[in-house]
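*Asks:*
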Amino acid sequence: MERVFKHGNNPAQVNKGIIIWSAKSEYESAQISLYSSELVTINDAVVTKLTNVETGASLPTDTCEIRIPEYVYVEWNTKGTPHDEIDGNAPDWYPDPLLAFERIEFKGNRSIWLTCYISAGASAGAYQGDVHISINNESYILPIVINVWGFSLPDKSTIYSSTWLHPSQLVKQYGVRKYSDEYWRLIDLVADDMKRHRQNVIFTRLNLIKTIKQENGRYIFDFSDYEKWVKIFLGHGFQAIEAGPLFHPKAFHVVSEKSGKKINFSKHKLKEFLQSKDGRKFLAV
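FYI, the numbering for the sequence shown is 726 to 1010, going by the numbering used here.
(1) What is the C-beta distance between W954 and L933, in whole angstroms, given that I count them as a contact (C-beta under 8 Å)?
(2) Please report how far the alpha carbon of P816 lies from the alpha carbon of V799, in whole angstroms.
(3) Taking C-alpha atoms, which residue in V729, H857, Q939, S747 lies nearest to K774?
(4) Beta-carbon separation of N777 and Y899 under 7 Å?
(5) So for W889, helix, strand or coil by DSSP?
(6) Alpha carbon to alpha carbon, how far is V980 from K987?
(7) Relative to the alpha-carbon of G1004, which residue among T936, F958, T788 has its alpha-carbon at the smallest distance?
(8) For Q1000, which option in L890, Y944, E967 has the closest C-alpha, if you only look at C-alpha atoms?
(9) So what does I837 bridge to, in DSSP terms?
(10) Tell me the rounded alpha-carbon separation between T803 and W889.
(11) With distances taken Cα to Cα, identify the nearest neighbour of W838 among K1002, S984, E727.
(12) Check the C-beta distance from Q924 over to S886 and give it rounded, since I have them as a contact under 8 Å.
(13) Taking a contact to mean a Cβ-Cβ separation below 7 Å, would you say S877 touches K749 in this structure?
(14) Going by C-alpha distance, which of I843, Y819, S844 is nearest S836?
(15) Would you mind giving the Cβ-Cβ distance between E779 and G850, rounded to the nearest angstrom? I have them listed as a contact below 8 Å.
(16) Note down, in chain order, each residue of its chain lying with its Cβ closer than 6 Å to the Cβ of G962, except the 5 sequence neighbours on either side.
(17) Please work out which residues of its chain come closer than 8 Å, Cβ to Cβ, to I823, disregarding the five sequence neighbours upstream and downstream, and give them in chain order.
(18) D913 and I957 - do their beta-carbons sit closer together than 7 Å?
(19) Measuring straight from C-alpha to C-alpha, what distance separates E830 and I860?
(20) Compute the distance between the beta-carbons of C789 and V765, then report whether it is under 7 Å.
(21) Measuring CA to CA, which of E751, N768, Q939, W801 is closest to N862?
(22) Is A770 buried or exposed, if buried means 16 or more other CB atoms sit within 10 Å of its CB?
(23) Check the DSSP bridge columns for E863 and list the partner residues they point to.
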């Protein structure tokens, strides 16, 4: 799909309806591109009942979720990218995160994003309905057809897929305190959402392991938060735990027992630690 930029050209190919092909147990998406030369308000957008005209069977009312692509400012394009692979010309506002639908105003270009999930129990066939979009005081209707194939994606994926997840960004985005009960509830929700989108490998930072350096130079390791993290993701069916790079300066969170302050490791000190008796014991766990 093409990104719909605020002030760029509309997508070259314009369809007067939405046609989706999907297996069972699969997510498929579609995008509706909108343009207005004046400031207008999108008041509402809903998908009507999706019905198989041959059998009369219907898909659940929550089959399709409607969201709004939000814009984030990108200062530059990735260096070294071939010109024909560059999407847009930074600096510019890029549509990226998909937010829950809410009433919005826009002038120029905007888009509405549909994500449809076909359950494993759906019957094969073509399901027809409409997307109703209310803009100002007018209603626009766009037909939608979801063609469901007669097979399902397996519950367990055989391809390892990893999207790096950084807890610090979740803390910043949702305003929760790290390692609080609220934080772990958030991690559980994130794990559930990732699993539903067929993620089966979780990037796991080693600084989840609390490390205390004693005055005698020995180290104490507390794996409780690490174990809680691993338990959550394994409980959601994840198949592999991907550790972060050992020689990254921020790979470990080490606190001095005497001062209670964090100890910053240089690469030299980190290598020295990993080669020590306690370091080898840590790696063997």
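From the three backbone atoms N, C-alpha and C, an ideal C-beta is built for every residue, glycine too.
*Replies:* Well, looking at it:
(1) For the purposes of this step, residue 954 is taken as residue 229 along the sequence shown, with counting starting at 1. For the purposes of this step, residue 933 is taken as residue 208 along the sequence shown, with counting starting at 1. About 6 Å; that satisfies the 8 Å criterion.
(2) Residue numbering aside, residue 816 sits at position 91 when the sequence shown is read from its first letter. Residue numbering aside, residue 799 sits at position 74 when the sequence shown is read from its first letter. When rounded, the distance between both Cα atoms is 5 Å.
(3) Position 49 of the sequence shown, counted from the first residue, corresponds to residue 774. The candidate whose alpha carbon is nearest that of K774 is H857.
(4) Against the sequence shown, residue 777 aligns to sequence position 52. Against the sequence shown, residue 899 aligns to sequence position 174. Going by C-beta atoms, N777 is not nearer than 7 Å to Y899.
(5) Walking along the sequence shown from the start, residue 889 turns up at place 164. In the three-state DSSP reduction, W889 falls in the coil class, being neither helix nor strand.
(6) Here residue 980 corresponds to residue number 255 of the sequence shown, with the count starting at 1. Here residue 987 corresponds to residue number 262 of the sequence shown, with the count starting at 1. When rounded, the distance between both Cα atoms is 4 Å.
(7) In the sequence shown, counting from the first residue as 1, residue 1004 sits at position 279. For G1004, the nearest C-alpha among the options comes from T936.
(8) What you label residue 1000 is simply residue 275 of the sequence shown in a count that begins at 1. The candidate whose alpha carbon is nearest that of Q1000 is Y944.
(9) Position 112 of the sequence shown, counted from the first residue, corresponds to residue 837. Answer is I757.
(10) Your numbering for residue 803 matches position 78 in the sequence shown. Your numbering for residue 889 matches position 164 in the sequence shown. When rounded, the distance between both Cα atoms is 19 Å.
(11) Taking the first residue of the sequence shown as 1, we reach residue 838 at position 113. Selected option, being the one with the closest Cα: E727.
(12) The count along the sequence shown starts at 1 and reaches residue 924 at position 199. The count along the sequence shown starts at 1 and reaches residue 886 at position 161. Rounded, the Cβ-Cβ distance is 6 Å, consistent with contact.
(13) Indexing the sequence shown from 1 puts residue 877 at position 152. Indexing the sequence shown from 1 puts residue 749 at position 24. At a Cβ-Cβ threshold of 7 Å, S877 and K749 count as neighbours.
(14) Counted from its first residue, the sequence shown places residue 836 at position 111. Here the closest residue by C-alpha is Y819.
(15) For the purposes of this step, residue 779 is taken as the residue at position 54 of the sequence shown. For the purposes of this step, residue 850 is taken as the residue at position 125 of the sequence shown. About 6 Å; that satisfies the 8 Å criterion.
(16) Working through the sequence shown from its first residue, we reach residue 962 at position 237. The residues K920, in chain order, have a CB closer than 6 Å to that of G962 in the same chain once the five nearest residues on each side in sequence are set aside.
(17) Position 98 of the sequence shown, counting from 1, holds the residue named residue 823. What sits at residue 823 in the sequence shown is Leu, not Ile. These residues qualify, in order along the chain: R792, I793, P794, E795, W838, T840.
(18) What you label residue 957 is simply residue 232 of the sequence shown in a count that begins at 1. What you label residue 913 is simply residue 188 of the sequence shown in a count that begins at 1. In contact: I957 and D913 (Cβ atoms closer than 7 Å).
(19) Against the sequence shown, residue 830 aligns to sequence position 105. Against the sequence shown, residue 860 aligns to sequence position 135. Here the alpha carbons of I860 and E830 stand approximately 9 Å from one another.
(20) Reading the sequence shown from its first residue, position 64 is the one you call residue 789. Reading the sequence shown from its first residue, position 40 is the one you call residue 765. Going by C-beta atoms, C789 is not nearer than 7 Å to V765.
(21) To locate residue 862, count along the sequence shown from 1; it is residue 137. Minimum Cα distance to N862 is reached at N768.
(22) Here residue 770 is taken as the residue at index 45 of the sequence shown, counted from 1. It is buried - the Cβ of A770 has at least 16 other Cβ atoms within 10 Å.
(23) Stepping through the sequence shown from its first residue, residue 863 is reached at position 138. For E863, which the question treats as bridged, DSSP gives the partners I860.
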